[in-house]
Every structure is written in structure tokens, then in C-alpha cells.
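Undergrad:
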Amino acid sequence: MGRYVVRRLLQMIPVFIGATFIVFMMMYALPGDPVRALWGERAPDEAQMAALKADLGLDDPILLQYWHYLTGLLQGDFGTQISSRREVIDVIGDALPATIRLTVLAFTITVVVGIGLGLIAGLRAGGKTDGLILFVTLLLISVPVFVIGYLYQTYLGVKWDLIKPTVQDSEDWGQLLLPALVLASLSLAYVARLTRTSIVENRRADYMRTAKAKGLSARRAVTVHLLRNSLIPVVTFLGVDLGNLATGAIVTEGIFNIHGIGNTVFHALNSREGSTVVGIVTFIILVYLVVTLIVDLLYAVLDPRIRYA
Amino acid sequence: MSIEMTKAEVPGVPLLEVRDLHVEFHTRDGAAKAVNGVSYTVDAGETLAVLGESGSGKSVTAQTIMGILDTPPGKVTGGQVLFRGEDLLTMSEQERRRVRGDKIAMIFQDALSALNPVLSVGYQLGELFRVHRGMSRREARAKAVELMDRVRIPAAKERVNDYPHQFSGGMRQRIMIAMALALEPDVIIADEPTTALDVTVQAQVMDLLAELQRDFHMGLILITHDLGVVADVADKIAVMYAGRIVENAPVHELYKRPAHPYTRGLLDSIPRLDHKGKELYAIKGLPPSLTAIPSGCAFNPRCTQARDVCRSEIPPLLDVTEPDGTPIGGRTSACHFWKETIHG
Chain A
0 MGRYVVRRLL QMIPVFIGAT FIVFMMMYAL PGDPVRALWG ERAPDEAQMA ALKADLGLDD
60 PILLQYWHYL TGLLQGDFGT QISSRREVID VIGDALPATI RLTVLAFTIT VVVGIGLGLI
120 AGLRAGGKTD GLILFVTLLL ISVPVFVIGY LYQTYLGVKW DLIKPTVQDS EDWGQLLLPA
180 LVLASLSLAY VARLTRTSIV ENRRADYMRT AKAKGLSARR AVTVHLLRNS LIPVVTFLGV
240 DLGNLATGAI VTEGIFNIHG IGNTVFHALN SREGSTVVGI VTFIILVYLV VTLIVDLLYA
300 VLDPRIRYA
Chain B
0 MSIEMTKAEV PGVPLLEVRD LHVEFHTRDG AAKAVNGVSY TVDAGETLAV LGESGSGKSV
60 TAQTIMGILD TPPGKVTGGQ VLFRGEDLLT MSEQERRRVR GDKIAMIFQD ALSALNPVLS
120 VGYQLGELFR VHRGMSRREA RAKAVELMDR VRIPAAKERV NDYPHQFSGG MRQRIMIAMA
180 LALEPDVIIA DEPTTALDVT VQAQVMDLLA ELQRDFHMGL ILITHDLGVV ADVADKIAVM
240 YAGRIVENAP VHELYKRPAH PYTRGLLDSI PRLDHKGKEL YAIKGLPPSL TAIPSGCAFN
300 PRCTQARDVC RSEIPPLLDV TEPDGTPIGG RTSACHFWKE TIHG
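So the protein lines, in turn, are chains A and B. The numbering of the first sequence is numbering that gives the first Met the number 0, which starts it at 0 and goes up by one. The numbering of the second sequence is numbering that gives the first Met the number 0, which starts it at 0 and goes up by one.
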């Protein structure tokens, strides 16, 4: 177990280097110039611009720039924003709490509603409730998130005036509920369908027949024997999905005007702030790697047949 | 009348009696008649072997007794299952649940899939005591260790927290037996308990089962397609074909002189040392589809002695007698020509 964790941690190093390298190169390949952008509509002073570029190290060969970035990163230096002259780490720090709150809320909705619907549908497989849940989840999967987001915003927020259409205060969980629901809609649809399939498959299993033969109540057979077996594939999906929620936040935060990581990276992309984009993406990658490791360890808790060597 | 009140043996009433049971399965090809009027009884301390090929209805009958038949597609269309004279089929689900596992328990064929893979064997054994006897987790665990000792699992105390996949096939089947035995039921139904095991382990498990049955004075219904398993442990045998019982006999009587062509076919197809070098006998043809059981005697298309009457009339279970007419205890046969079959 300990050796397994060490090996997994070591594996993160090449993944980390590779991922940052790709993102760095992609930012470089994008047209546009963050230094020129400082002048906006006005014609820039060429001499001043050249000096600034040299000062920021943007004249160096790209590989050298990457090397500087990577060594800085290892010392905890995520770089500096060109336009605002702020440390990227501070920018992330400001945006993070809103995104964490949004993600936690969305994840909770995904788990509770997704598994709940999947369980109901699976136990009534072939019935009307099952059909309805399958239809609704298919709808959620096929309609893009931004469409769902605007629909919710327009109807729930504006026309029927049930919820505030945008988020004024990201510390208010009530205001975050709607965007979290939008963010969770795709994942919960997948989780519901995955749970349903798993339940349907397992409820006819031999051990369920044994549970019945032992004289257990239906409730106990489901909660103790069926659910735990059925949730094994779902947990794997949830782990991967937690990373996807962070990506999905880019669109959702844009729609609802939440000042989180997603919004920040979106603006940084527009103004070609390479260090900010790479910094945030690197941060998301790190979170993703750690979460996947935790999920894989959790997997062994759920399924004793899995042993890590 | 509750089950508890009739705990004592009632004279004249069998411990468990299946009476004219009919079970159908709903399939795309119409109703599959899996069980067509099966009757048998088991008393305390008695072992009944139910013999038959796959699809003969032996397991479906057992599942109906246990009340674990999947409904739908299965459906009981007639008959009774009497436990100490009380019909289990008309009980409420809650009453039946109290019988299951407690009064009547079942041993399944493949212990690896019949045990829950993600729960420790100690938990799965202890669960019975917690649900039926309201014991605490700790007491239940102690009981589980006791049971594992009883079925002779080495180092039970250390292994109680292990998971099913960590045991060998024979040990797993012992755990299944322990689970069935846990609450000291009156009847145990063993559905091909040794089929999934190595031959050497089969004998050990069978011996253990027979020993425990004697010690606890239980009724045992042993479902099998293996004539070799039956000979040593069973008291009486019911042979099933296409959802019907075709022959009833005390075990040694049946081996000595079968009274139904199907039983004889089964006995003849056992490989024997003195037949070395000769071709192995096999009953020709296949068991019938349960959606299209042949008219008359279901066995007639495969029977070497079939005549016109076999194709038109269903033979009833008739008492089998000696040539001079003296009855043979406990023998019946559903063959129009049982006399020729048994007396040659």
C-alpha cells in the first residue's frame, strides 16, 4: 500500500512536466502579444515594448522560457501577470474559494441526486419511473451546458423570478445553488445512468438471492448487499468527474458571473496572459492527480478484491 | 397459528411437504411449465435426494419452497408448500421472511458467486444472528467464529475477517454450509452443493453435510444430477423429468431395480470399471423444451420402450409392487409399463 502510493506520486512527476509543457507551448503558439496588449488601441512605443519584453524574458528561446517557468514553479513561484503586475498565485488565491464552493455544491448534488435517481430507476427497471429518469438524463446529456445554463437563468431567474439570475456574492450558498445545479446536470445524468446499469446488473446476482434466502428485508438487502457492489464503478467515474467539474466551471462561471478560477482563466486566455493560464491549468492538473489517487485508494476500501502492490 | 407455536413435531404431519406444485415461467415463446404437479415430503433426520437433469424443475421447486423464485418471470400456478402443516405460499412476505434462513435454509451451488464479494465472511455469517436474533455486532462475530469452527475451517478466529475470494473452493462451500446451519433450521435445501468442487473435496463436503444433518436432526433436501453423490447419504430419491416426478424410491431399491426407463437410462450412463473399453451409454435425444412438452409421457421421444399409449396418455404416479402384488414401501413410478421395466 505504502509502496503503491509512493509509486503513484512518482508517476505524477512526468505527467506534471508533460502537461505544463503542452499548455505552455499552446499559449506560445496562440496569435497575439500580451505586451502589445498593454497599449490597447494606441500605437505602442517600439523601444519601450522591446525593453519590456526583454525584461520579462519574452525574447528568450521558448524552451529556455519554459525552463525558467518550471524552475520558478518548483520554488513555489507561479509567475507574475503582465498587465496587473500581480503574482499569479495571488490571482489564483482570490478566485479559488468561489470555485471550491461551487464545485463542492455541484459534486454533492451529483452524488446525492445522481445515485438516488440511479437507484430508483435500477430497482424499477422497465417501469414508468425508470423510463422517465432515462429520458430526462438523456436530455441532460445531449443538451450543451451553456444552453441549460441560459434556460435555467432565463426561466427560473428572470421570468419566474424564483432565484437570483446571477451571483452577486459568491459566499452565499443560496445564490450558488442554481449555477451548481447547471454545473452538476451533466455529471448527475451520467452518474444516474451508470448507477442504474450497475444496480440492474447486480440485483439478479447470486449473492442477492443468498441475501433473500437468509431472510433479510428488501431494504437491508439493497442497502447492505446491493448498493456497495453497485457503487464500485460509480466511484471511479466520480473521481474523474471531480476534475471535469473544474473544467466545466469555466462555462458556468461565465454564465452566472462568478469570479472564480474558470472566469479568471477565461479572461487570461483572452488577454494572452500565458503565465496566468499555465499557472491555473497547472493547479487544476495537480488537483486532478491528487483526487485520482485518493479515488483509487478508496476503490480498495470499497472492493476488498483489489490489492495494491 | 404462528410458526413458533408449532415448534414441536406434530405426529402424522410431515416436516415439509410439497403438494401438487405447479410453477410456470413467462417467456417470449409462451408459458414454460417448469414444475407440473410435484409432490414430495421430508421428515426430520431424513434425506431426500431430488435427481434430474438441468431444466427438470428440481431447482425451481427448491426456490419456490424458499420463496426466492424470481417473480416475474416465475409464477406459482398451483399447489401448496406445507411446513409443519402450514402453507408457506399463502403467508405474508413478512411471515415468510421469518421462516427463511431460520427454519428453512438453503445451500447454493457456487459459493463464490453466492457469497457477497465485498463483505467479510464473518459479517455475512453474523448477519443472520443480528437480523433474526437481534444480537450485537460483537456477539454475532463470536457466533460466526463458532460456526466456522463447527464446519472445521482451520484458524477460524484469524480468518473470520477474510473475504470470500481469500478462501479455497472447499472452504467457501463450508462457509455456505455454516451459513445455512447458523440458526439451526429444521430443513436444509442443498442445491447441487458439490458440483463446483474438486472430486476429493466433494466427498469431504458431502460427509460434513451428512454429519451435521445427523447431529442436528434436520430434514435435508439434496438436489443433484450426480447419482454418485446420492448413494451414500440419501434415504430416498425422487427422480424428476420435465417438471414431474417420474419415480420415487428408497435409495438402494432404486439402484437395484429402477421402475422407470428414464431412471434406468441414468443408471446405465454412469461410467463403470467393468465396462472398460466399451462405449459409454447415453440416453439419446435431449430433454424437451418446457414450452413444448411432448403429449403423453414427456419422456416418450427418448424412451426405448415407448408405445402408442405413451404418446397419448400422461402416466400417473402408480404404486410399484412385487410381481405377486405385495407392495414395496415408498415406491412409485410414472410409467405405463413399470412392471416390465422393474421385473424385466
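Idealized CB from N, CA, C, for every residue including glycine. Quantities reported herein were computed from a predicted structural model and do not represent experimental measurements.
Classify K32 of chain B: buried if its beta carbon has 16 or more other beta carbons within 10 angstroms, exposed otherwise.
TA: By the 10 Å Cβ count, K32 of chain B comes out buried.
Undergrad: Three-state secondary structure (DSSP) at E3 of chain B?
TA: A caution first: E3 of chain B carries a pLDDT of 46, below 50, which makes its placement in the model too unreliable to give a value.
Undergrad: Taking only beta carbons into account, state which residues of the segment 218–229 of chain A come closer than 8 Å to chain B, listed in chain order.
TA: The segment 218–229 of chain A vs chain B, Cβ under 8 Å: R219, V223, H224, R227 and N228.
Undergrad: Give me the chain B residues within the contact set of A299 of chain A, using Cβ-Cβ distance strictly less than 8 Å, ordered along the chain.
TA: Residues of chain B passing the Cβ test: none, with the nearest at roughly 11 Å.
Undergrad: In chain order, which alpha helix (DSSP H) runs of at least 4 residues are fully inside the segment 221–305 of chain B?
TA: Counting whole runs of 4 or more residues, the segment 221–305 of chain B contains the alpha helix (DSSP H) stretches 226–232, 250–255 and 260–267.
Undergrad: Under 9 Å, CB to CB, which of the residues in the segment 164–188 of chain A have a partner in chain B?
TA: If the cut-off is 9 Å between Cβ atoms, the segment 164–188 of chain A has nothing near chain B.
Undergrad: Looking only at its own chain, which residues have a Cβ that is under 8 Å from the Cβ of M0 of chain B, when we skip the five neighbours before and after it?
TA: In this prediction, M0 of chain B scores a pLDDT of 40, lower than 50, which makes its location untrustworthy; the coordinate-derived value is nonetheless stated afterwards. Excluding positions up to five away in sequence, the list reads E85.
Undergrad: Under a CB-based cut-off of 8 Å, is V120 of chain B close to chain D?
TA: Although the question refers to chain D, the structure presented lacks it and instead comprises the protein chains A and B.
Undergrad: Can you pull the chain A neighbours of L317 of chain B, defined as C-beta to C-beta under 9 Å?
TA: Ordered by position in chain A, no residue passes the 9 Å Cβ test against L317 of chain B, which lies about 35 Å from the chain.
Undergrad: Give a yes or no on contact between the segment 16–36 of chain A and the segment 264–274 of chain A, applying the rule of three or more CB pairs nearer than 8 Å.
TA: Touching, per the Cβ criterion.
Undergrad: Tell me whether the beta-carbon of S55 of chain B lies closer than 8 Å to the beta-carbon of Y240 of chain B.
TA: Against a cut-off of 8 Å, the Cβ pair of Y240 of chain B and S55 of chain B comes out as a contact.
Undergrad: With distance defined between alpha-carbon atoms, name the residue in B:F336, B:T194 and B:V159 nearest to A177 of chain B.
TA: A177 of chain B has its Cα closest to that of B:V159, out of B:F336, B:T194 and B:V159.
Undergrad: Taking the beta strand (DSSP E) that K211 of chain A falls in, what are its first and last residues?
TA: Here K211 of chain A belongs to no beta strand (DSSP E); instead the alpha helix (DSSP H) covers D205 to A212.
Undergrad: If you measure from the beta carbon of I176 of chain B to each beta carbon in chain A, is any gap under 8 Å?
TA: Judged by the 8 Å Cβ criterion, I176 of chain B is not in contact with chain A.
Undergrad: What are the residues in the segment 244–255 of chain B lying within 9 Å of chain A by C-beta distance?
TA: The residues in question: there are none.
Undergrad: Buried or exposed: which applies to W159 of chain A, given that a residue is buried once 16 or more other Cβ atoms fall within 10 Å of its Cβ?
TA: The residue in question, W159 of chain A, is exposed, as its Cβ has fewer than 16 Cβ neighbours within 10 Å.
Undergrad: Would M207 of chain A be called buried (16 or more neighbouring beta carbons within 10 Å of its own) or exposed?
TA: Flag for M207 of chain A reads buried.
Undergrad: Taking all protein chains shown into account, decide if M4 of chain B is buried (16 or more other Cβ within 10 angstroms of its Cβ) or exposed.
TA: Unreliable placement is indicated for M4 of chain B, whose pLDDT of 41 sits below 50; the coordinate value is still reported in the next sentence. Exposed, since its Cβ has fewer than 16 Cβ neighbours within 10 Å.
Undergrad: Can the beta-carbon of L155 of chain A be found closer than 8 Å to that of A248 of chain A?
TA: Taking 8 Å as the Cβ cut-off, L155 of chain A and A248 of chain A do not qualify as a contacting pair.
Undergrad: Taking the alpha carbon of G358 of chain B as the reference point, which residue from A:A210, A:G56, A:L122 and A:D171 has its own alpha carbon closest?
TA: Lying outside 0 to 343, the shown extent of chain B, residue 358 of chain B is not represented and no answer is given.
Undergrad: Between which two residues does the alpha helix (DSSP H) carrying H266 of chain A extend?
TA: It spans I260 to N269 - the alpha helix (DSSP H) in which H266 of chain A sits, taken as one unbroken run.
Undergrad: Would L87 of chain B and V75 of chain B qualify as a contact pair, given that the criterion is a beta-carbon distance under 8 Å?
TA: Not in contact: L87 of chain B and V75 of chain B (Cβ atoms no closer than 8 Å).
Undergrad: Could you pull out every residue in the same chain whose Cβ sits closer than 8 Å to the Cβ of F15 of chain A, ignoring the five residues on either side in sequence?
TA: Correct list, in chain order: T281, I284, L285 and L288.
Undergrad: Could you name the residues of the same chain whose beta carbon sits closer than 6 Å to that of E210 of chain B, not counting the 5 residues immediately before and after it, in chain order?
TA: Answer for E210 of chain B: no residue qualifies.
Undergrad: Please report the residue range of the alpha helix (DSSP H) in which T106 of chain B lies.
TA: Before going further, note that residue 106 of chain B is Ile rather than Thr in the sequence given. Element bounds for I106 of chain B: not the alpha helix (DSSP H) but the beta strand (DSSP E), I103 to I106.
Undergrad: Enumerate in chain order the residues of its own chain whose CB-to-CB distance from K6 of chain B is below 7 Å, with the five nearest sequence positions on each side excluded.
TA: Legend: pLDDT at K6 of chain B = 47, less than 50; position of this residue unreliable, no value from coordinates given.
Undergrad: Near A191 of chain A, what residues of its chain come up, given a Cβ to Cβ distance below 6 Å and the 5 sequence neighbours on each side ignored?
TA: Closer than 6 Å at the Cβ level, and outside the excluded window around A191 of chain A, lie G113, L116, G117 and T136.
Undergrad: Ignore the nearest five residues each way along the sequence and tell me which others in T246 of chain A's own chain have a CB closer than 7 Å to its CB.
TA: Cβ neighbours of T246 of chain A beyond the five flanking positions: none.
Undergrad: For R173 of chain B, count neighbouring Cβ atoms within 10 angstroms of its own Cβ and tell me buried if that reaches 16, exposed if not.
TA: The residue is buried, with at least 16 neighbouring Cβ atoms inside 10 Å.
Undergrad: Confirm, please, whether the CB-CB distance from L15 of chain B to T40 of chain B is below 8 Å.
TA: In this structure, L15 of chain B lies closer than 8 Å to T40 of chain B by Cβ.
Undergrad: From which residue to which residue does the alpha helix (DSSP H) around Q174 of chain A run?
TA: Element bounds for Q174 of chain A: W172 to R202.
Undergrad: Going by CA-CA distance only, name the one from B:F166, B:R136 and B:H131 that's closest to M147 of chain B.
TA: Ranking B:F166, B:R136 and B:H131 by Cα distance to M147 of chain B puts B:F166 first.
Undergrad: Can you check whether the C-beta of G56 of chain B is within less than 8 Å of a C-beta belonging to chain A?
TA: Taking Cβ atoms only, chain A never reaches closer than 8 Å to G56 of chain B, which makes this a no.
Undergrad: Exposed or buried, what is H259 of chain B when buried is set at 16 or more other beta-carbons lying within 10 Å of its beta-carbon?
TA: Classification of H259 of chain B: buried, given that the 10 Å Cβ count is 16 or more.
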